[in-house]
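So the protein lines, in turn, are chains D and E. Just so you know, full-length UniProt numbering puts 50 at position 50 of the first sequence, and the rest follows in order with no gaps. Just so you know, full-length UniProt numbering puts 190 at position 190 of the second sequence, and the rest follows in order with no gaps. Even for Gly, the Cβ is constructed at its ideal location relative to N, Cα and C. For reference, the structure discussed in these notes is given below.
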Amino acid sequence: MSAADVCLALLWLGIVAYVLFGGADFGAGIWDLLAGRGEPGRRRRELLEHVIGPVWETNHVWLIFAVVIGWTAFPRAFASVAGTLVVPLTLAAAGIIFRGSSFAFRKSLHGERFEGLFGILFATSSLLTPFFLGTVAGAVASGRIPYDGYGDPRTSWTNTTSLFSGLMAVLVCAYLAATYLTRDATRTGRDDLAEYFRGRALFVGWLTGALAVVGLVVIAQDAEALFIGLTGVALPVAAGSVLSGVAGLALLHARRYTAARLTAAGAVALLLAAWAAAQYPYILQPGVTIAEAAAGEAVLAAVLASLAVGAALLVPSLVWLYVLFQREERVVEAGDGEPGPGERDRR
Amino acid sequence: MIEDLVAARMQMALSLGWHIVVACLGVGFPALVLLAEWRGIRTGDRGWTLLARRWAKALAVVFAVGAVSGTILSFEMGLLWPGLMGTYGEVIGLPFAIEGIAFFIEAIFLGIYLFAWGRLPPRAHLLSGIPIVLAGLASAFFVVTANAWMQQPEGFRLVDGRVVDVSPWEAMFNRATPHQTVHMLLAALMVTGFLVASVYAVAILRGKGDAYHRRAFALAFSLGAVAAPAQVAVGDWAAHSVAEHQPVKLAAMEALFRTEQGAALRLGGIVVDDELRYAVEIPNALSLLAYWDPDATVAGLEEVPPDLRPPVGIVHWAFDIMVAVGLALLALSAWFAVVAWRRRRLPDSSWFYRAAVVAGPAAVVALEAGWVVTEVGRQPWIVYGQMLTADAVNPMSGLRYGFYALLPVYVLLTVALIYVLRRLARAPFDDGAARRVSDYRVVPDGEDPR
Ligand code: HDD
Ligand code: HEM
Ligand code: HEM
Numbered sequence: 001m002s003a004a005d006v007c008l009a010l011l012w013l014g015i016v017a018y019v020l021f022g023g024a025d026f027g028a029g030i031w032d033l034l035a036g037r038g039e040p041g042r043r044r045r046e047l048l049e050h051v052i053g054p055v056w057e058t059n060h061v062w063l064i065f066a067v068v069i070g071w072t073a074f075p076r077a078f079a080s081v082a083g084t085l086v087v088p089l090t091l092a093a094a095g096i097i098f099r100g101s102s103f104a105f106r107k108s109l110h111g112e113r114f115e116g117l118f119g120i121l122f123a124t125s126s127l128l129t130p131f132f133l134g135t136v137a138g139a140v141a142s143g144r145i146p147y148d149g150y151g152d153p154r155t156s157w158t159n160t161t162s163l164f165s166g167l168m169a170v171l172v173c174a175y176l177a178a179t180y181l182t183r184d185a186t187r188t189g190r191d192d193l194a195e196y197f198r199g200r201a202l203f204v205g206w207l208t209g210a211l212a213v214v215g216l217v218v219i220a221q222d223a224e225a226l227f228i229g230l231t232g233v234a235l236p237v238a239a240g241s242v243l244s245g246v247a248g249l250a251l252l253h254a255r256r257y258t259a260a261r262l263t264a265a266g267a268v269a270l271l272l273a274a275w276a277a278a279q280y281p282y283i284l285q286p287g288v289t290i291a292e293a294a295a296g297e298a299v300l301a302a303v304l305a306s307l308a309v310g311a312a313l314l315v316p317s318l319v320w321l322y323v324l325f326q327r328e329e330r331v332v333e334a335g336d337g338e339p340g341p342g343e344r345d346r347r
Numbered sequence: 001m002i003e004d005l006v007a008a009r010m011q012m013a014l015s016l017g018w019h020i021v022v023a024c025l026g027v028g029f030p031a032l033v034l035l036a037e038w039r040g041i042r043t044g045d046r047g048w049t050l051l052a053r054r055w056a057k058a059l060a061v062v063f064a065v066g067a068v069s070g071t072i073l074s075f076e077m078g079l080l081w082p083g084l085m086g087t088y089g090e091v092i093g094l095p096f097a098i099e100g101i102a103f104f105i106e107a108i109f110l111g112i113y114l115f116a117w118g119r120l121p122p123r124a125h126l127l128s129g130i131p132i133v134l135a136g137l138a139s140a141f142f143v144v145t146a147n148a149w150m151q152q153p154e155g156f157r158l159v160d161g162r163v164v165d166v167s168p169w170e171a172m173f174n175r176a177t178p179h180q181t182v183h184m185l186l187a188a189l190m191v192t193g194f195l196v197a198s199v200y201a202v203a204i205l206r207g208k209g210d211a212y213h214r215r216a217f218a219l220a221f222s223l224g225a226v227a228a229p230a231q232v233a234v235g236d237w238a239a240h241s242v243a244e245h246q247p248v249k250l251a252a253m254e255a256l257f258r259t260e261q262g263a264a265l266r267l268g269g270i271v272v273d274d275e276l277r278y279a280v281e282i283p284n285a286l287s288l289l290a291y292w293d294p295d296a297t298v299a300g301l302e303e304v305p306p307d308l309r310p311p312v313g314i315v316h317w318a319f320d321i322m323v324a325v326g327l328a329l330l331a332l333s334a335w336f337a338v339v340a341w342r343r344r345r346l347p348d349s350s351w352f353y354r355a356a357v358v359a360g361p362a363a364v365v366a367l368e369a370g371w372v373v374t375e376v377g378r379q380p381w382i383v384y385g386q387m388l389t390a391d392a393v394n395p396m397s398g399l400r401y402g403f404y405a406l407l408p409v410y411v412l413l414t415v416a417l418i419y420v421l422r423r424l425a426r427a428p429f430d431d432g433a434a435r436r437v438s439d440y441r442v443v444p445d446g447e448d449p450r
């Protein structure tokens, strides 16, 4: 493996992590949108907020990580993608602004005027942002971005593959979120909410699976190179993704939530891996290899060295963050006056 | 209808100018919060702890908008300037990659710090805040090295329009890096200190001169006052470096059209037909300040053809405003320091607090003005002497609609941010114990320390 391959693998790792963690946060926003009114809606939203509150900032950084590695290690490919897909990327950027800030604002305005307004902004932008990011992925996967040039600013992302992958992105986010939330709900002692999200996870899970099959037809017609890759070298990986997805749904059925979480994440990760495998060793277009598009050796070496040092600091910190918030005790709900963990510590 | 290139530049300036204010708070505010928390633990005085809790809530909001506004910037670098990123992305990529790691650390520990209050023992909690401060300083440092490289591009060779022999470390530690990074970090501390102090100065002027407001004021103002003298010295250093390495920018800063020996320093004035009129003139002062020699020759704008000159009026005024504010804040800090040292307390004069109310916004003005000097003074180059801004911009037509779309977004964001911060300032006190578990938010019966 060359340094460029390692950089690309890390870039891919960033994207996968963003989909698995950040995507689930988007999905939580989508469920927020659909949570309904009144007391039941309030309780659902409270769980969502409670779960994503401490981690969403961190989950969001994966996107920045991927963007930055992209422009450093593959500058011309990055410039071509960004220079062509101005419209969906600008819309995704606006969505990111609205989502992150209104989430923070809503939290600060608990029970006050405008809480609802920021809630709606948060939830709708959670739906739109993954859609536009999905169209970007579709444009890249279907080879519509000419290397070292500018593609069509409109058709590059309004074609069937792009729109399809936008839709898939939304569904995947919703599926991951609902699956993760079943476990969060049981962990915090809200079994009824676990049932609620289980039903939704099953529904969206089957829907996503069925749509993925339809998607193969779309891809076969619209993006031949990708299809050949997916049904060729990448076939075992794609099959793994399907198996993992089916297993995840079965586990959800059986209410084995922790295992369902892992398999759901595995299905999505393998799907992304299948795309990567189908395209390897080309970047953007058949004919431009990773080696050709990569930055100079000295740059790649410096980036890899910094990331290695960074990982030594990051990995333990990340583990601490997730463990700290996954290991909270069974909690009591707001309003019933029981002491919280903070207060228990003080006694 | 504005031209696409102009729109792209305005969009960049808007996004950066917005981000930088919030980013300054992201650098300086964690330090303030930790100082307050630390004093609370050390003295056992709950007033400090309550102050730290209150500030931490504002920090959470500021950090969230800092993160999203920064993300937009990383998109825009590619959307608006593919010419820059395609050619030079690899040269300036390293600092951004390192910055990415710093952001990660910042976000992780912020999550822990904010949400584990009351779950971790007090000292461990205090320690969990330290990485936030360090990572904030580091991210500001690294991102500014990238900007410094745009002023002083080094560490690569250009062959047939492609960069070769890139030395990313050399690019990162270029000649503009030392003064730009130090100047920026000090600016972040000044902006945070004076802005937070402004809020409490308003309260004190309204008659809330109790211990709680006075200690909050004193802590925040001290941060700004410590940075202010150093900032003036570093600014002088920056000016010398610009005089040496970017003479055209210096000429624009001073609105010096013709090369002069023993050049005068000209303050204010209006530029009409390549001439500065109605300015206050101090003979020989520019030569003295820029080269420590009253008879030194200072190059004027006439040395380069008109299409390679930056817009003079803006740069000149922005520079004068920054220096004026810097000196005024220095004077105010000196007043504060003298009273504190001689009488061991805060000044009594209401004039002092009136000035302190203005100090926060003024520091922001100096910050923005400084960036205008640096960025507009670099025009028409995006990479000084190497690549024109016009060659870096995305050639797609209709780029301006993106700017039109983002303009109201930023206006809304500003209004909403100010509204939310004001609500938070009025919320009841929170003593940190989460009584109800689903939130670690407001404790309604938190005691008022006054
Ligand atoms: C609180 C903010 C603040 C204050 C009080 C000052 N500055 Fe400043 N200045 C900045 C904030 C700033 C900045 C953070 O906005 C800049 C933009 C780029 C940079 O590195 O720092 C800057 C840039 C900047 C530059 C251009 C550097 C370049 O283009 O490479 C010069 C020459 C000065 N400053 C000089 C001064 C002087 C002589 C000051 C005082 C008397 C002063 N600054 C006060
Ligand atoms: C380190 C960080 C920075 C980077 C990488 C950066 C990069 C850029 C780029 C790519 C442009 C567009 C090209 C141009 O017009 O020259 C630009 C313009 C500009 N930037 Fe920066 N910038 C940085 C920091 C800042 C900050 C913090 C400000 C804050 C105000 C700022 C103010 C501006 C302005 C005013 C322009 C427009 C110039 C014009 O209209 O002539 N920059 N910057
Ligand atoms: C001089 C200029 C800048 C300084 C001092 C600065 C500093 C910071 C700081 C301290 C943060 C952490 C968030 C917060 O505390 O509010 C932040 C966030 C961010 N900045 Fe900037 N920044 C500057 C310019 C830029 C530029 C030019 C870019 C991109 C091209 C950028 C990209 C980002 C990103 C992506 C984030 C989000 C990180 C996160 O999620 O935590 N910044 N910036």
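DSSP places E281 of chain E within a strand segment (E or B) once states are collapsed to three. Taken atom to atom, the span from the alpha-carbon of E260 of chain E to that of A324 of chain E is near 24 Å.
Using a CB distance below 7 Å, the part of the region 91-107 of chain E facing chain D consists of G93, L94, F96, A97, I98, G100, I101, F103, F104, I105, A107, ordered along the chain. For D236 of chain E, the distance from the CB to the nearest heavy atom of ligand 1 is below 8 Å. In summary, W18 of chain E is buried, with 16 or more beta-carbon neighbours lying within 10 Å of its beta-carbon over all protein chains present. Rounded to whole angstroms, the separation of the alpha carbons of S126 of chain D and R422 of chain E is 26 Å. One Cα belongs to D295 of chain E, the other to E244 of chain E, and the distance between them is close to 16 Å. If you check the CB distance, T90 of chain D and G402 of chain E come in under 9 Å. For S198 of chain E, not one C-beta of chain D is nearer than 9 Å to its own C-beta. Interface annotation for the region 134-160 of chain E against chain D: empty, criterion Cβ-Cβ distance under 8 Å.
Note that the C-beta distance between G313 of chain E and L189 of chain E is not below 9 Å. Between ligand 1 and Q386 of chain E, a heavy atom-to-CB distance of less than 8 Å is absent.
In the structure shown, I145 of chain D adopts coil according to DSSP, grouped into three states. Put simply, the CB of F131 of chain D is far from chain E, with every gap to its CB atoms at 9 Å or more. Among the residues facing chain E, D32 of chain D is not included, as its CB has no counterpart in that chain under 9 Å away.
For I382 of chain E, the enclosing beta strand (DSSP E) has its first and last residue at 381-383.
The beta carbon of M12 of chain E sits no closer than 9 Å to any beta carbon of chain D.
Buried is the label assigned to L251 of chain D, since at least 16 other Cβ atoms lie within 10 Å of its Cβ. Within the same chain, and ignoring the five residues on either side of G143 of chain D in sequence, the residues whose Cβ sits closer than 8 Å to its Cβ are A223, A225, L226, L284, Q285, P286.
The C-beta distance from L314 of chain D to L10 of chain D rounds to 12 Å, too long to fall under 8 Å, and the pair is not in contact. In the DSSP assignment, T297 of chain E forms a beta bridge with E:Q261.
The beta-carbon of L301 of chain E is placed no less than 9 Å from the nearest beta-carbon of chain D. Going by beta carbons, A369 of chain E and L329 of chain E fall outside the 9 Å limit.
Between F197 of chain D and T182 of chain D, the beta carbon gap of about 5 Å places them in contact (Cβ cut-off 8 Å).
Under the Cβ distance rule, D25 of chain D does not count among the residues neighbouring chain E, no pair being separated by less than 9 Å.
The C-beta of R99 of chain D comes closer than 9 Å to at least one C-beta of chain E. The residue from E:T181, E:G268, E:T192 with its alpha-carbon nearest to that of W55 of chain E is E:T192. Here V271 of chain E is bridged, per DSSP, to E:L276.
Under the 9 Å criterion on CB atoms, A390 of chain E is classed as non-interfacial with respect to chain D. For N394 of chain E, the chain D residues whose Cβ falls inside 7 Å of its Cβ are G83, V86, in order along the chain. Rounded to the nearest whole angstrom, the C-alpha separation of T129 of chain D and V298 of chain E is 53 Å.
Exposure of H253 of chain D is indicated by the presence of fewer than 16 other C-beta atoms within 10 angstroms of its C-beta.
Interface annotation, T72 of chain D: in contact with chain E, CB-CB separation under 9 Å. Here the alpha carbon of I30 of chain D sits roughly 41 Å from the alpha carbon of G47 of chain E. Between I20 of chain E and the set E:M184, E:T49, E:V226, E:F109, the nearest pair of CA atoms involves E:M184.
Not a single heavy atom of ligand 1 lies less than 8 Å from the C-beta of E154 of chain E.
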